[in-house]
Structure formats: C-alpha cells, structure tokens
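To keep things clear, I will list the structure first and then write my remarks on it.
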Amino acid sequence: MLQEKLKERTLPPLPVVSSEEEWEDVRKNLLRQFCREEYGLPLPEAQSVTVQVITEDTNCLAGKAHFYKLRLTTRVQGQDFSFPVEAVVPYRPEPVPAFVCISFFEHVPNFSLPAEDVVDAGFAAFSFHYTDITTDDGDFSTGLAGLLGKGDRSEEAPGKLMMWAWAAQRVMDALQNFPGVDPARVAVVGHSRLGKAALVAGALDTRFTLVIANESGCSGAALSRGKIGEDIRAITKTFPFWFCPAYGAYAGREEELPFDQHALLALCAPRYAYVCSASEDLWADPTSEFLSCVAASPAWKALGKPGFSAPDRLPEVGDAFGDGSIGYHLRAGAHGLLREDWLHFLAFFRRHLA
Ligand code: GCU
Numbered sequence: 003m004l005q006e007k008l009k010e011r012t013l014p015p016l017p018v019v020s021s022e023e024e025w026e027d028v029r030k031n032l033l034r035q036f037c038r039e040e041y042g043l044p045l046p047e048a049q050s051v052t053v054q055v056i057t058e059d060t061n062c063l064a065g066k067a068h069f070y071k072l073r074l075t076t077r078v079q080g081q082d083f084s085f086p087v088e089a090v091v092p093y094r095p096e097p098v099p100a101f102v103c104i105s106f107f108e109h110v111p112n113f114s115l116p117a118e119d120v121v122d123a124g125f126a127a128f129s130f131h132y133t134d135i136t137t138d139d140g141d142f143s144t145g146l147a148g149l150l151g152k153g154d155r156s157e158e159a160p161g162k163l164m165m166w167a168w169a170a171q172r173v174m175d176a177l178q179n180f181p182g183v184d185p186a187r188v189a190v191v192g193h194s195r196l197g198k199a200a201l202v203a204g205a206l207d208t209r210f211t212l213v214i215a216n217e218s219g220c221s222g223a224a225l226s227r228g229k230i231g232e233d234i235r236a237i238t239k240t241f242p243f244w245f246c247p248a249y250g251a252y253a254g255r256e257e258e259l260p261f262d263q264h265a266l267l268a269l270c271a272p273r274y275a276y277v278c279s280a281s282e283d284l285w286a287d288p289t290s291e292f293l294s295c296v297a298a299s300p301a302w303k304a305l306g307k308p309g310f311s312a313p314d315r316l317p318e319v320g321d322a323f324g325d326g327s328i329g330y331h332l333r334a335g336a337h338g339l340l341r342e343d344w345l346h347f348l349a350f351f352r353r354h355l356a
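Counting with the numbering used here, you get residues 3 to 356 for the letters of the sequence shown.
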C-alpha cells in the first residue's frame, strides 16, 4: 500500500549503490546538489574552537548533573566568531552520549528541553540559541552571515539554515574533547525550522550518529512532491533567507527538483535518523514526513542496514516505529517540541546507541 502511495509522488529514485565506498561518492554528489539548489554552499570549517566556561554548577538537578554556561570561540578564515552554549552533563562513571540542540531558547532547561528526563536517561544536552548565530530574517550583514557571507546573496550563497547547521557542527567540534561526553554518540536535534537545520547539519557532518528532525515539514523531512500545507512557493516567499536564492526557482515547480527531501534523510545513512510529526500539524504535513521515511529506507538497505521498519499502512496517532535505522512517531496535537517527543528520542537513542 505504501509503495502505491509513493508512486503517486513520482520521486526521483535514490541512486543505487552496493558498498559503503560507493555510497560515500554518491552521498557527496547528492549533498552537493542539495547545497547548490536548496540550502546554499557550506561555510568554511573552523580552524579551531575554544571552549570557555563562563559559569558552572556542580549541583545541577539536585546533584545529578554538571551545568555549564559556555562560550565557544571559533577561528574561521582568520576571524573569530563566538557564541554561548548551555549544557547539562550527568554524573556517570563512563562518558555519556549527548544531544546538540539547535534551539529557540537561550537557556537549559527550557520549554522544549526536559533536561531532567535527558539526564535521568543518561544523556548530556548542549544547546545554543539560533539567533545568537545569525538573525532569523533577511539581514546578511551581521552575525555569522556578515562575518563569513559578507552579505552575499548570489544564487548558491548559503541561507540561514546552513548557518545554524554550521554552528551545530562547531558544538560537535567542542564535544570531541569535552569532560564526561562520548563524541562517538552525539545526536543533533531541532524543531521545525531548526529541524530543517538539524537535517542539514546531519547531512554535512557524519560525526553526528543520529539526526532528529521534529516536525521539520516543508524543505525539511517532508516530501515536496504532493505535499499539502506549506509548499516551496509559500516558504520561499516568507522565508527566502533560509535558503540559497536558487531555491526560489522551484516555487510551484516541485516536479523539476533533481531530488526530493527523502534524499536529504538518506544522506544520514548508514547512521540513524529520526522524524516526528504531530497529528494537527497539517502545515508540515505528517503524511509527507512519514512517506519520506519510507522512500529513504532503500539507502540504508543497500548498505545492509535495517532501513525504516513500519507496517504497510499510514501511521495512526500514537504510533511509534523505532525498530529500524530511521525512527518515526506521530503524536496527537499541534506543532511543538514536547516532553512526549523527547521520551521517544531517548528511547530510540538508548535502544540503538546506548
Ligand atoms: C513557519 C514555517 C515552517 C517552519 C515553522 C517553524 O510555520 O512556515 O516552515 O517550520 O515556521 O519554524 O516554526
């Protein structure tokens, strides 16, 4: 039944590969296409990242965790760019897995980050506030955009999603050597526009072992072809600055895209990906998010991984599919990143990577 539904979407097929080496080449080409047509060219990596502890509390959550208020200073193209990060790291005998949260909030915990649940499950969380990187508007003259982009809005110039993704990668740089954290088990997570940014970060940087896109919708995890709610015309009209200018050419012309968003998910293979939808979030379109997981699955299967494991039907509210390399759940309610979503991420992360 799901294959029939996918046929209606007339997706460009994923390239077929038979080995991880072959996949690496194909992956790079696919990633280049996404950069050139949708998100813009990647920013240069940092030459160095230094971590300064601004304040810390060794008795966080009544003694269960170490809280940090950090400042990360990145050296990039001979210039410094710095931004704040807040973190909780549970006290455990062994290094713990961690989440990098691209966040709408400045502090930890916050309305979208149930820090105590995360800590109790044995995970650390590092969170940065997205507008500390660059403003969420068409201003490309300040913050990271001003520093690295110099106001460039040529066809393939990076949009804001690419810049938030870049910052997540810099947090990942810092985690390569952070007390109590295992850098081999780090997830990147974001909600909505920041779920789109998390997918870009996960596509660019294979050091993220799990990529979580919560209700990322249009130009995130949801298929563009046949999507209801927001489409490329709507998103590039209201938020042209999230993307490279070239993406605007696909407004109302989804069929002409050389890829669809399932291929962005596939760029996580053979690592793990997690997609979630909320039943009332029709703007993001839960069905198109779910079908994207189904369509991305062959990328994992080709590499001998389980892919997406779900029954051959559309999801019902309350369903959670966590057996495969791609996890998915559909929760009741409206757009938002809730504790309920986090409990699913924690269960998936623990099951596969703890
Ligand atoms: C708007 C936008 C979405 C986006 C969302 C959000 O609704 O149209 O694409 O995901 O904002 O970031 O909350």
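In this text, a Cβ means the ideal position worked out from N, Cα and C, and glycines have one as well.
Tell me the residue span of the alpha helix (DSSP H) that contains Pro300. Here the alpha helix (DSSP H) through Pro300 covers Pro288 to Lys303.
Glu318 versus Ala169, Thr76 and Pro288, residue with shortest Cα-Cα distance: Pro288
Inspect the beta-carbon positions of Trp302 and Ser279 and report whether they are closer than 8 Å. no
In this structure, does DSSP put Arg341 in helix, strand or coil? helix
Does the separation of the CB atoms of Phe351 and Leu212 fall below 8 Å? For Phe351 and Leu212, yes; Cβs fall inside 8 Å.
Under the rule that 16 or more other beta-carbon atoms within 10 Å means buried, what is Phe113, buried or exposed? Answer is exposed; the Cβ neighbour count stays below 16.
Roughly how many angstroms separate the alpha carbons of Pro160 and Thr12, rounded to a whole number? 28 Å
Can you tell me the Cα-Cα spacing of Glu10 and Ala123, whole angstroms? 41 Å
What residues does ligand 1 have around it, judged by CB closer than 6 Å to any heavy atom, in chain order? Ser194, Arg195, Gly219, Cys220, Glu232, Ile237 and Trp285
Check Lys66 in the structure and name its three-state DSSP category. coil
Looking at the structure shown, is Gln81 part of a helix, part of a strand, or coil, going by DSSP? strand
CB-CB under 7 Å to Cys62, same chain, minus the five flanking residues each way: which ones, in chain order? So the list reads His68, Phe69 and Val90, once near-sequence residues are dropped.
Specify, as a first and last residue, the run of the beta strand (DSSP E) that Ala126 falls within. Ala126 to His131
Using 8 Å as the Cβ pair cut-off and three pairs as the minimum, do the region 200-207 and the region 159-174 touch? By the criterion of at least three beta-carbon pairs nearer than 8 Å, the region 200-207 is in contact with the region 159-174.
Check the DSSP bridge columns for Val90 and list the partner residues they point to. According to DSSP, which records beta bridges pairwise, Val90 is partnered with Phe69 and Ala127.
Does the region 292-302 come within contact of the region 252-270, defined as at least 3 CB pairs closer than 8 Å? yes
Cα separation between Gly140 and Gly148? 11 Å
Pick from Asn216, Pro308 and Ala336 that is closest to Asp343, judged by C-alpha positions: Asn216
Cβ contact (3+ pairs, closer than 8 Å) linking the region 98-113 and the region 77-85: no
Less than 6 Å between C-beta atoms, sequence neighbours within five positions excluded: which residues of the same chain meet that for Ala334? Ser281 and Val319
What residue range does the alpha helix (DSSP H) around Asp184 cover? First-last for Asp184: Val183 to His193, but that is the beta strand (DSSP E), not the alpha helix (DSSP H).
Between the alpha carbons of Gly222 and Lys198, how many angstroms are there, rounded? 4 Å
Could you tell me the distance, in whole angstroms, from the CA atom of Cys246 to the CA atom of Arg38? 8 Å
Taking C-beta to C-beta, are Val190 and Pro99 nearer than 8 Å? no
Which of helix, strand or coil DSSP assigns to Phe101: Three-state DSSP puts Phe101 in a strand.
Consult DSSP for Val319 and reduce its assignment to one of helix, strand or coil. DSSP, read as helix, strand or coil, puts Val319 in coil.
Complete runs of the alpha helix (DSSP H) confined to the region 3-58 [at least 4 residues]: 4-11 and 22-36
With the cut-off set at 8 Å, would you say Asp207 and Gln263 are in Cβ contact? Between Asp207 and Gln263, the C-beta gap is not smaller than 8 Å, which leaves the two residues out of contact.
What residues match up with Ala275 in a beta bridge as DSSP calls it? Val213 and Ile328
For Leu259, which of helix, strand or coil comes out of DSSP? Here Leu259 sits in coil by DSSP.
Contact the region 23-41 vs the region 238-255: 3+ CB pairs below 8 Å: yes
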